[in-house]
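Chains as they are written, first to last, in this note's numbering: chain A, 11 to 345; chain B, 11 to 345. Each residue gets a CB set at the ideal place from its N, CA and C atoms; glycine is no exception. What follows is a short report on a single structure.
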Ligand SMILES: Nc1ncnc2c1ncn2[C@@H]1O[C@H](COP(=O)(O)OP(=O)(O)OP(=O)(O)O)[C@@H](O)[C@H]1O
Ligand SMILES: Nc1ncnc2c1ncn2[C@@H]1O[C@H](COP(=O)(O)OP(=O)(O)OP(=O)(O)O)[C@@H](O)[C@H]1O
Ligand SMILES: [Mg+2]
Ligand SMILES: [Mg+2]
Ligand SMILES: [Mg+2]
Ligand SMILES: [Mg+2]
Ligand SMILES: [Mg+2]
Ligand SMILES: [Mg+2]
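Next comes the structure, spelled out in structure tokens:
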């Protein structure tokens, strides 16, 4: 274990997980936090609430397809949605760097409002702190959100079991690659935009049509590979995915090859991974595809009982390789 | 209105207020946010919830009497408590600077747990982002909190009316002065520690003993002067306070004189301002004094119907002066 924080601790991958367990879970540990799901389930006065938070430090602040503002709203909406909750109320807390343009802040606030309206949530409380020049990078935003768990389902990756199918809701990696390209440090040009979107409608449609959903996750930092590992670890099962089945746009695949990274590890901000009873895989796939955000959904793999805790990828060439947690951080500050 | 963010926008004073109204309220505006109280009241599935958030950017991270961790927990507990809610669940989101010591982070997490235990709340969800060296200052924390409004009271500074009494729960300005001195840039030494403390118990005791409480506020950035102005503005009333009645420790008074600042504007992190029906002023005072955190509570002023919107201070010398919102930021990054 390192003595100092590294960028890898923010990657969503192996180092992130280790830090969260060794420092935060060790200190805060309680039954509501312990599942380490996207949101915590809290019962307050009989109401089953979901509660979640994320900080946003994306650079640049504005990028094709969105900005830090709609990212901060959609990200928290999505963490609520994948717990099965109806997202309701958001908080928004800003850490601003001295010298940041008020006009940029105004645009960010406007896109947060638009994103909140699109997701049917309200920003009901907030905070604003300012730090000296050189102590931040323009604008950091932390959102938290409260949702209502109004369906009689209990979701969680711990419920995955052999025979379940694994789906993704659309092409992966667009957000991460878009941010990398938006930094303009690479001589790569591609017609790409962030996939940032609120998935609450897609999730609601899926849950309306299928009873066999065991777990959902939004594939953010660390990408789909991280989620697959979380399923394998939490449920103590094996996961097998087929490389050819995973939807990846040509532009993303091309940029990833040039960047030397695997799209499986690249962040999305509007895609979910679904674990569903194998008998309902086709129903779930059809439901996802009926929704505009799920048109390119695909069944990508299955849960097995061999190799518990491991994720195996059947490559396009007929081989098999282990998909581990991300080590290092090839794409810092993607969200 | 400025084009760029200044430190004054983070002071809690006049510039903060203007920014919140012109940018955030203008964009997010909705009936739950509009009262601009310490927390928002949200009804979810019949449960009356309070929801609040704050970011913490205090420098230094460790100081006499506390650290950024217990500040972040107590601050959110207090914003819930003064709305009349029972604080229940907290989120904790970290923005870490590359290179930050894991050992310091571990100590911060431990003091968050201790503060949570002391306040009877649980940290149930969190997030961890890392930014490059020079893009933060060690560790920033954002907490959000959910509480249950389980009393049949509706509190808010808008309810203040002529004849009401104004109380403070203890000596003011200790937190702010402690932080200033902890920076070691001034050649002032004083036996002072932050007053950071969770006020939920004090508030519960007060509400158990008094029915006439109209509003409570925790006096953080901008100090008691800011709260008094918020009362005057929100309720369209006059506020008159007596300088001699305001409890200020000798060490705080001395340091403030040397620093050239007025203790009325200096942040506390464990003091509340209470507006109560004048007929219940003594009951409220007695209730506060019965609690360890309120031993030095005092009636400091009253609500009037002349000079609506204004705060007047009767000085120790028999004069009167206007107490305006804080302009500028004499004490940046106090919380
Ligand atoms: N500092 C922290 N304190 C407490 N819990 C934390 C902390 N950081 C992360 N967690 C918990 O760890 C789990 C994983 O967090 P993570 O941020 O990776 O999930 P996520 O929000 O779904 O992903 P992303 O942040 O990429 O959107 C969650 O249950 C979260 O509550
Ligand atoms: N960026 C923001 N977006 C939305 N609302 C905000 C924002 N910043 C502040 N507010 C709102 O403005 C009001 C005052 O906020 P402020 O942070 O001054 O209160 P506080 O948390 O009680 O004080 P402190 O932050 O010093 O502890 C609150 O109602 C808060 O929700
Ligand atoms: Mg998530
Ligand atoms: Mg998230
Ligand atoms: Mg605040
Ligand atoms: Mg407050
Ligand atoms: Mg506060
Ligand atoms: Mg997160």
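Cβ shell of residue i (< 7 Å), same chain only, five flanking positions each side left out
i, result
"residue 172 of chain A", "247, 313, 314 and 315"
"residue 119 of chain A", "79"
"residue 263 of chain B", "273"
"residue 310 of chain A", "176, 177, 178, 251, 252, 255 and 256"
"residue 343 of chain B", "67, 68 and 69"
Separation of residue j from residue i, as counted between CA atoms
i, j, result
"residue 226 of chain B", "residue 51 of chain B", "15 Å"
"residue 154 of chain A", "residue 60 of chain A", "11 Å"
"residue 137 of chain B", "residue 243 of chain B", "37 Å"
"residue 85 of chain A", "residue 105 of chain B", "16 Å"
"residue 280 of chain B", "residue 245 of chain B", "24 Å"
"residue 268 of chain A", "residue 199 of chain A", "11 Å"
"residue 325 of chain A", "residue 308 of chain A", "16 Å"
"residue 205 of chain A", "residue 295 of chain A", "20 Å"
"residue 183 of chain A", "residue 68 of chain A", "16 Å"
"residue 151 of chain A", "residue 145 of chain A", "14 Å"
"residue 96 of chain B", "residue 329 of chain B", "42 Å"
"residue 148 of chain B", "residue 327 of chain B", "46 Å"
"residue 252 of chain A", "residue 303 of chain A", "22 Å"
"residue 129 of chain A", "residue 91 of chain A", "10 Å"
"residue 233 of chain B", "residue 275 of chain B", "4 Å"
"residue 131 of chain B", "residue 38 of chain A", "11 Å"
"residue 282 of chain A", "residue 180 of chain A", "8 Å"
Beta-carbon proximity of residue i to residue j, cut-off 8 Å
i, j, result
"residue 286 of chain B", "residue 174 of chain B", "yes"
"residue 185 of chain B", "residue 297 of chain B", "no"
"residue 256 of chain A", "residue 141 of chain A", "no"
"residue 74 of chain A", "residue 158 of chain A", "no"
"residue 196 of chain B", "residue 301 of chain B", "no"
"residue 156 of chain A", "residue 99 of chain A", "yes"
"residue 265 of chain B", "residue 345 of chain B", "no"
"residue 364 of chain A", "residue 165 of chain A", "In the structure as shown, chain A starts at 11 and stops at 345, and residue 364 of chain A therefore has no counterpart that could be examined."
"residue 189 of chain B", "residue 108 of chain A", "no"
"residue 336 of chain B", "residue 49 of chain B", "no"
"residue 220 of chain B", "residue 43 of chain A", "no"
"residue 65 of chain B", "residue 103 of chain A", "yes"
"residue 28 of chain B", "residue 33 of chain A", "no"
"residue 45 of chain A", "residue 168 of chain A", "yes"
Exposure label - residue i; buried when at least 16 CB within 10 Å
i, result
"residue 289 of chain B", "exposed"
"residue 187 of chain B", "buried"
"residue 305 of chain A", "exposed"
"residue 163 of chain A", "exposed"
"residue 113 of chain B", "exposed"
"residue 292 of chain B", "exposed"
"residue 208 of chain A", "buried"
"residue 259 of chain B", "buried"
"residue 194 of chain A", "exposed"
"residue 331 of chain A", "exposed"
"residue 228 of chain A", "buried"
"residue 231 of chain B", "buried"
"residue 56 of chain A", "exposed"
"residue 270 of chain A", "exposed"
Residue i: contacting residues in chain B (beta-carbon distance under 7 Å)
i, result
"residue 150 of chain A", "105"
"residue 320 of chain A", "None at all; the shortest Cβ gap to chain B is about 25 Å."
"residue 147 of chain A", "141 and 145"
"residue 57 of chain A", "54, 55, 56 and 57"
Proximal residues of chain A, C-beta to C-beta of residue i below 8 Å
i, result
"residue 52 of chain B", "98, 99, 134 and 156"
"residue 19 of chain B", "106, 138 and 140"
Close-in-space but distant-in-sequence residues of the same chain around residue i (CB under 6 Å, 5 per side omitted)
i, result
"residue 25 of chain B", "18 and 19"
"residue 338 of chain B", "18"
"residue 321 of chain A", "238, 239, 242, 249 and 333"
"residue 63 of chain B", "154"
"residue 58 of chain A", "159"
"residue 82 of chain B", "66, 151 and 153"
Contact list for residue i against chain A, beta-carbon separation under 7 Å
i, result
"residue 90 of chain B", "The contacting residues do not exist; residue 90 of chain B stays about 11 Å from chain A at best."
"residue 110 of chain B", "14 and 15"
Close beta carbons around residue i, own chain, < 8 Å, minus the five adjacent residues each side
i, result
"residue 123 of chain A", "133"
"residue 71 of chain A", "77, 78, 114, 118, 148 and 149"
Contacts that residue i makes with chain B (C-beta to C-beta distance below 8 Å)
i, result
"residue 94 of chain A", "Going along chain B, no residue has its Cβ under 8 Å from residue 94 of chain A, so there is no contact; the nearest lies around 14 Å."
"residue 40 of chain A", "132, 133 and 134"
Partner residues on chain B for residue i, Cβ-Cβ distance less than 9 Å
i, result
"residue 73 of chain A", "Going along chain B, no residue has its Cβ under 9 Å from residue 73 of chain A, so there is no contact; the nearest lies around 17 Å."
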